[in-house]
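Participant: Chains as they are written, first to last, in UniProt numbering: chain A, 1 to 427; chain B, 1 to 427; chain C, 1 to 427; chain D, 1 to 427. Where a beta carbon is used, it is the ideal one built from N, C-alpha and C, also for glycine. Sharing a structure with you now.
Number of protein chains: 4
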Amino acid sequence: MAIETPDSAHLKDWLREYQRVRDASESLCAPLEKEDYIVQSMNDVSPPKWHLAHVSWFFEAFLLTPFLKDYRTLDPAYDFLFNSYYETYGTPFPRANRGLISRPTVDDVYRYRAHVDDAMSELLTGPPAEHVEEIERRLTLGLHHEQQHQELLLMDIKHILAQNPLFPIYRNDLAPAPECAFRELGWRVYPGGVRQIGHDEAGQGFAYDHEMPRHRQFVEAFEIADRPITNGEFLEFMRAGGYEKPDYWLSEGWQRVKQEGWTCPLYWLEREGIWHYFTLGGLMPVNLEAPVCHVSYFEADAYAHWAGARLPTEAEWEVVAEGLAPRQGNFVEQDHLQPTVAGASAESGQMFGDVWEWTGSAYRPYPGFKKLAGSLGEYNGKFMSGQMVLRGGCCATPQDHIRTTYRNFFPPSARWAFSGFRLAREA
Amino acid sequence: MAIETPDSAHLKDWLREYQRVRDASESLCAPLEKEDYIVQSMNDVSPPKWHLAHVSWFFEAFLLTPFLKDYRTLDPAYDFLFNSYYETYGTPFPRANRGLISRPTVDDVYRYRAHVDDAMSELLTGPPAEHVEEIERRLTLGLHHEQQHQELLLMDIKHILAQNPLFPIYRNDLAPAPECAFRELGWRVYPGGVRQIGHDEAGQGFAYDHEMPRHRQFVEAFEIADRPITNGEFLEFMRAGGYEKPDYWLSEGWQRVKQEGWTCPLYWLEREGIWHYFTLGGLMPVNLEAPVCHVSYFEADAYAHWAGARLPTEAEWEVVAEGLAPRQGNFVEQDHLQPTVAGASAESGQMFGDVWEWTGSAYRPYPGFKKLAGSLGEYNGKFMSGQMVLRGGCCATPQDHIRTTYRNFFPPSARWAFSGFRLAREA
Amino acid sequence: MAIETPDSAHLKDWLREYQRVRDASESLCAPLEKEDYIVQSMNDVSPPKWHLAHVSWFFEAFLLTPFLKDYRTLDPAYDFLFNSYYETYGTPFPRANRGLISRPTVDDVYRYRAHVDDAMSELLTGPPAEHVEEIERRLTLGLHHEQQHQELLLMDIKHILAQNPLFPIYRNDLAPAPECAFRELGWRVYPGGVRQIGHDEAGQGFAYDHEMPRHRQFVEAFEIADRPITNGEFLEFMRAGGYEKPDYWLSEGWQRVKQEGWTCPLYWLEREGIWHYFTLGGLMPVNLEAPVCHVSYFEADAYAHWAGARLPTEAEWEVVAEGLAPRQGNFVEQDHLQPTVAGASAESGQMFGDVWEWTGSAYRPYPGFKKLAGSLGEYNGKFMSGQMVLRGGCCATPQDHIRTTYRNFFPPSARWAFSGFRLAREA
Amino acid sequence: MAIETPDSAHLKDWLREYQRVRDASESLCAPLEKEDYIVQSMNDVSPPKWHLAHVSWFFEAFLLTPFLKDYRTLDPAYDFLFNSYYETYGTPFPRANRGLISRPTVDDVYRYRAHVDDAMSELLTGPPAEHVEEIERRLTLGLHHEQQHQELLLMDIKHILAQNPLFPIYRNDLAPAPECAFRELGWRVYPGGVRQIGHDEAGQGFAYDHEMPRHRQFVEAFEIADRPITNGEFLEFMRAGGYEKPDYWLSEGWQRVKQEGWTCPLYWLEREGIWHYFTLGGLMPVNLEAPVCHVSYFEADAYAHWAGARLPTEAEWEVVAEGLAPRQGNFVEQDHLQPTVAGASAESGQMFGDVWEWTGSAYRPYPGFKKLAGSLGEYNGKFMSGQMVLRGGCCATPQDHIRTTYRNFFPPSARWAFSGFRLAREA
């Protein structure tokens, strides 16, 4: 089974796929010291240990407990400790306190993972016939869930290490940035009309509930940039007083600027007159040609105002992405873990990879949206307030996790995701 | 000039209209004690005194100072004290401190109003020829602005008095609720298709920048209730454990429920087993047949989930409202200052008046939106994050202030507006 | 009765004294606008209206209700609204919300005062014989209580007006500062030994419970300054970097300096290179020869460290004060409402009046302390943690309210009292 | 050298003593998992890793850098990371963020300790002759400093583990509580008079600056209990509604009760009708005969009020302790790490060990107090506001760290220290 095509799954494929995804999580944590697994550097961040345990709990709660006969948990308390936010499932452990829990230890968590993996192996090699379909559905969801947490792991590890005045290096063997010519920003024109948006439930491949149903939207004619905005371009905004003039900012954004003292993207730092940024490969000079990253929606929107443009809507973004070559780009597999040269893949418009692109669309349900039944229905639908949609995946996203219809979402003030943006404007 | 049709304005009409709107603000404050004018009961609320001064400042800053030769302010400090949030105009006085300023006194503020009124009279009777058009544009905006603050005045006065364990009565001579038969909730069906939404810039009448441009949206077939949800219906939700089960709630909403201890709409109070609510006419038993009011978006959305429905989008709402009889309903002129019997006006679907109706649409710009130039551009556009659209006006809205295309907006947690909701569902 | 000598009281004296004290409170409020009565500029401040009502409630709760037959309250809700902190008496209205209550109005509060005054007049002209002694005790306490609130009124009015960028003037007819020669600071030496401290219960005159019992303390030999530190001297500390160097500060004090951005005493403001301060007579240049005022304990202590000295203990202060001429100084009756020239009264050491003097003594019970019985026991004893003792009264204190043994107390961070300090050192 | 008698020190003794104290710190951490070293469970708590590094930094900053020729730090950043609060030495790393720093790792910290130990060994075996006296003074201080942190380590480890719903056990091989008869509480009477208090600078043994100078105080006659209050006695207070009635409480204490929901001592937990507490040996039933522990000053004071008594002053405590047998009791060496049976050592009055005893004395300087010169002066003096004195050491204190004159101090709301109390009353 490729997790994209669950309908072709066979038992052997299931297990191989399961192991592949589970291994990937542990690989990401291999460079960590035990101490790094424990820290919660802000409420939005979870300790890496917690991520590793929580994704295992997901399989336990939604697959092993209901479907594996005589399944015994390793420790009943984990059911409480590693429930993230499923209020209808039980009382989740308070999110803000995840960094206060030194036990179970990292070794305990790996033992928990092994325990769950053994049981999953048992379940997947001999599933109860009457539940095969539901098991496959939940397995697929569980693997996508774990892939999401792989990206969160990288975001959170970066944030944790960034608190440290020693600027610890996560990995010093990252793949070097590719050599490729920098392209000036170009614009593409799209005509208006009624368009189809979203995932077709009857079609192929997995998608989350909130990507459905496929439905019609009227999209006015528009133009869109053929690559994201770069660090160099963003620096011009900074030098033009972008962070000092309220004119460009949403009211909430301007409050953030003043209260939190924003003067540059997150992780940027001026040293002896040169802008640096903290990366998973350590502190280094800002690459002016790479897409700007770790900016909030407010900063993206302010830049767009300053530039006389706007952000694309998610419908516009999807219309563009659907018409282009299959998704390619700078994903986690490229092993840069940092955006690289903007505009590298000319044909694809660099829609995928590098940075999640803030859209101008609030995260709301599609017409006809139905959340999953039961506790799994708490996956996406309940976050549909106060957040903005991002599209396209980033340098920390597994390549087979992303889709044209994929909707990511964060509060407009969030900066610790690998988030950038591209411009659009009226045609 | 009726403020709806500025293009037919003549000088005499201007002045008459100006005086009519200005008088209305003062009438609303007539029942107040001086002490009531001073209190700021929460950050979102402004002292009535401040409202009266701020709307005058608006005329001073945007009409008198630029267009009336030799205009002299009464006190230069007012320019700072009564700027609400125009960051590009100057530094606004901190919002949270409005209740700490006992001077200028209420009498001073009325003197300030008279001073501005005299100067406006001078300006409007002999406007400089080259600016007539701009003056009319700003005058119209200024009057609508003051009307908005008339509604805020009533909301804020209610909130201020409600803090008081004595439950002071704002007016004991409010118009009694009309007698009319209660109707069971019915549904209307609308077909899908491309629809026109928003205000036509070239058309008649005033509209705010954010209601424009008129543009196309694809609206799927839908059904919509022919009246808002009533107090009695909402009480069923409460009795069914609506405030106790996370299942129905958005995640942010559920946090509010727990943190702020919500168990009923704002201003409700159980006394000896009977639900009462605080109104501008004092504390009284809840009218079960009237539209529920003072609920947040989160409560409206939770009710809809519980009822197996959803809230209409603002496009759906506007499609429905446009097809119905001219706006009529329970507005401020009816002098109830409280929602009355739901479903009273069967043909109109009770779309207008009584309660602002939460829609399921996040407050975002229409495609092609352009904010006003200069500081006046801070009027609507900069609030386009984190808020939801409400439609239709309420029992505190001046009747000639509302339009089919009118977009109101509040954060989803706000409860002190006269806000209710109606249901929609897929056809 | 002079309130100092209740044992000589007769009925006529009682009433005359009651009226004198009550009138004084209303005189202090005479210059206020109604609007000024409503504001609560921080949690520690109460609206003037509240002070006027609360002191009346005190008489109602502790004298009229228990001792006046058939006494009827004006409004039973006042018993809740105007209870300050007597937890054993009932549930006090939340302190932080006192500024949210516009009703009862100011006129209502004066009516309440008149109602209480009428009843008190009745009680005092015909007290039940069996309770005469207790009535006198409580009357005396109630009058001292009201005098305390007279000083709080002035402190709070100053703080309220100071929030206002218009710098409103409380009174422009204050008595001008006296002309008298400025004296250089001198030192007096006191030998060590066992001393008597505190009020003798068997002696003459009223004192609060926490001033008793008179007891012995061993006081080492010490030297003490013959006047408080002046604004000019404090300015030297500021210019020497006093607010920038942690060396001089208690840890908690240094935190305040950084968190609240202290760089000068409260109410100071630099304008075109000249230090001004806000006074009850408006904004004016700092009088360099007057005692420094509106400094916290932390600032007083830091200054003393910088100057190579320390603050006197309350025992040292009392030993010195007892040996000097009867208390005289700049009290509320002098009608300056601001400290005047330091060292004016050479013989008295300027121990009384002008500024409350921070001592180096934490506010704790004397050995053998017994709080009053019943709810009146909540008067002083329950505040004996986290506060420091101040001595000597200030320019807002009624002259007959102060005593050599009088113990005032505030948290060490408080600055809105008329608080200054003098130095001491080892002999 | 015994650290009590530095004047008899010789080089060999110095080094042996140094190694003994350093080893003790590491022994306390031996039962920890690496993960436990990282957590900061509240602002007052530091991660164990931080304690181990900070005490080493103390030797580096105050001994190695100034006195060891060519000393090279392991990492210059440690000088910033492990400075606790010495503002005059450099900018300390923000206390609240100590738990956000995963690196240096635990192994790094042990390497740092070894690096410092090697250098200290070099310094102590060949100290520069002209600085021998100062080195000895600072060495003694550094060792006492490390012993203080040994106690903090145990307090903090307990607090960290207590956050965890798994109730992890620090050690399951603690020494069992001794068997000894429980004694009813008795009282001892002491006459009044002038007493000598504090450490004699010219005398033998080490003491902190704030224990000096020895000076006279007048102490009135008093009675004092011959043992601390027990858990069983405290439970009577709880059952009598002690946490529900404001009468017994200081105002600040009552606020804590309500805001933080106090209903029992910290770490207590009712399970199936039986009171348990969390200990370093795990969760266990409350031993009713042991001294009550983990109560704040507010709880101690409220109990005393309820019992018609008061807490002793620190002078009273010291007068009593000085007259008794040499200090003995339940210290860290007894290896209970929990208070044991109250009143076990009848002659000694159980003044030492088991629990730190809250006194009724605010933590203020003795008359004539002089803080140490330079940055070391920040050790004690700057905390002399807002805290109360505790006496006698506890079950986590090294026996040779405590003295009759030893003054410990905590804010009155602190509960995570091993703090209990005994009663006193007027004679």
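1. Using a Cβ-Cβ cutoff of less than 8 Å, which residues in the same chain neighbour A414/C once the five nearest sequence positions on both sides are dropped?
2. Given a threshold of 16 other Cβ atoms within 10 Å of its Cβ, counted over all protein chains shown, does I101/D qualify as buried or as exposed?
3. Counting only beta-carbon separations shorter than 7 Å, does Q217/B have a partner in chain A?
4. Residues in the same chain with beta-carbon distance under 7 Å from M238/B, minus the five sequence neighbours each way, listed in chain order, please.
5. Rounded to whole angstroms, what's the CA-CA distance from L52/C to D75/C? Just pull it up for me.
6. Which word fits E151/C, buried or exposed, when buried means at least 16 other C-beta atoms lie within 10 angstroms of its C-beta?
7. Considering just the uninterrupted stretch of the beta strand (DSSP E) at A396/D, what are its terminal residues?
8. Please classify V189/A as buried or exposed, where buried requires at least 16 neighbouring CB atoms within 10 angstroms.
9. What would DSSP say about L152/A, mapped onto helix, strand or coil?
10. Go through the stretch 293-344 of chain B residue by residue and report every complete run of the alpha helix (DSSP H) that reaches 4 residues or more, in order.
11. Three-state secondary structure (DSSP) at N287/C?
12. Assign E60/C to one of three DSSP states: helix, strand, or coil.
13. Less than 7 Å between C-beta atoms, sequence neighbours within five positions excluded: which residues of the same chain meet that for H199/A?
14. In the stretch 221-263 of chain B, which residue ranges form an unbroken alpha helix (DSSP H) of at least 4 residues, counting only runs that do not cross its ends?
15. Using C-beta distances below 6 Å, list every residue in its chain close to N408/A, excluding the 5 sequence neighbours before and after it, in chain order.
16. Would you mind giving the Cβ-Cβ distance between V106/B and L64/B, rounded to the nearest angstrom? I have them listed as a contact below 8 Å.
17. Less than 6 Å separating the Cβ of Y303/D from some heavy atom of the ligand GDP?
18. Does M1/B pass the burial test, meaning 16 or more other C-beta atoms within 10 Å, or should it be called exposed?
19. Fully enclosed by the stretch 79-143 of chain B, which alpha helix (DSSP H) runs are 4 residues long or longer?
20. Just the Cα atoms here: how many angstroms apart are E252/A and S385/B?
21. Is it buried or exposed for E426/D, if we count other Cβ within 10 angstroms and need 16 for buried?
22. Kindly say whether L141/C, judged by its beta-carbon, lies nearer than 7 Å to any beta-carbon of chain D.
23. Return helix, strand or coil for R20/A, following the three-state DSSP convention.
24. Measuring straight from C-alpha to C-alpha, what distance separates Q350/A and H54/A?
25. So is N83/C buried or exposed if we call it buried at 16+ other beta carbons inside 10 Å?
26. Give me, in chain order, the residues of the same chain whose beta-carbon lies closer than 6 Å to that of R422/A; leave out the 5 immediate sequence neighbours on both sides.
27. Thinking C-alpha only, which one of A362/D, L153/D and T313/D is nearest A24/D?
28. Check whether the Cβ of D247/B lies closer than 7 Å to any Cβ atom in chain A.
29. Quick one: Cα of S375/A to Cα of S41/A, how far?
30. What span of residues does the beta strand (DSSP E) with T359/A cover, start to end?
31. So, with DSSP's three-state summary, where would you put P411/C?
32. Are the Cβ atoms of E318/C and I402/C separated by less than 7 Å?
33. Name the chain C residues whose beta carbon is nearer than 9 Å to that of F418/B?
34. Evaluate the contact criterion for the stretch 323-335 of chain D versus the stretch 264-281 of chain D: three or more CB pairs, one atom per stretch, below 8 Å.
35. Could you give the first and the last residue of the continuous beta strand (DSSP E) run that contains I274/D?
36. Once DSSP output is grouped into helix, strand and coil, what is the label at A175/C?
Facilitator: The relevant details are as follows:
1. D44, S296 and Y297
2. buried
3. yes
4. C264
5. Pairing L52/C with D75/C, the inter-Cα distance amounts to about 16 Å.
6. Around the beta carbon of E151/C, a 10 Å sphere encloses 16 or more other beta carbons of the protein chains shown; the residue is thus reported as buried.
7. Counting along the chain, A396/D sits inside no beta strand (DSSP E), nor does DSSP assign it H or E at all.
8. By the 10 Å Cβ count, V189/A comes out exposed.
9. helix
10. 297-306 and 314-322
11. coil
12. helix
13. Excluding positions up to five away in sequence, the list reads A207, E211, M212, R214 and T405.
14. The stretch 221-263 of chain B contains these whole alpha helix (DSSP H) runs: 231-239 and 251-260.
15. W356 and L390
16. The C-beta separation of V106/B from L64/B comes to about 22 Å, leaving the pair out of contact by the 8 Å criterion.
17. As for the ligand GDP, it is missing from this structure, which has no ligand bound.
18. Reliability of the predicted coordinates at M1/B is poor, the pLDDT of 36 falling under 50, and the value obtained from them is presented with this limitation in mind. Answer is buried; the Cβ neighbour count reaches 16.
19. 106-125
20. 7 Å
21. exposed
22. no
23. helix
24. So the two alpha carbons sit approximately 33 Å from each other.
25. buried
26. A225, P228 and E357
27. L153/D
28. yes
29. Cα to Cα, the separation comes out at about 28 Å.
30. Residues W356 to A362.
31. coil
32. no
33. Going along chain C, no residue has its Cβ under 9 Å from F418/B, so there is no contact; the nearest lies around 21 Å.
34. no
35. I274 to T279
36. coil
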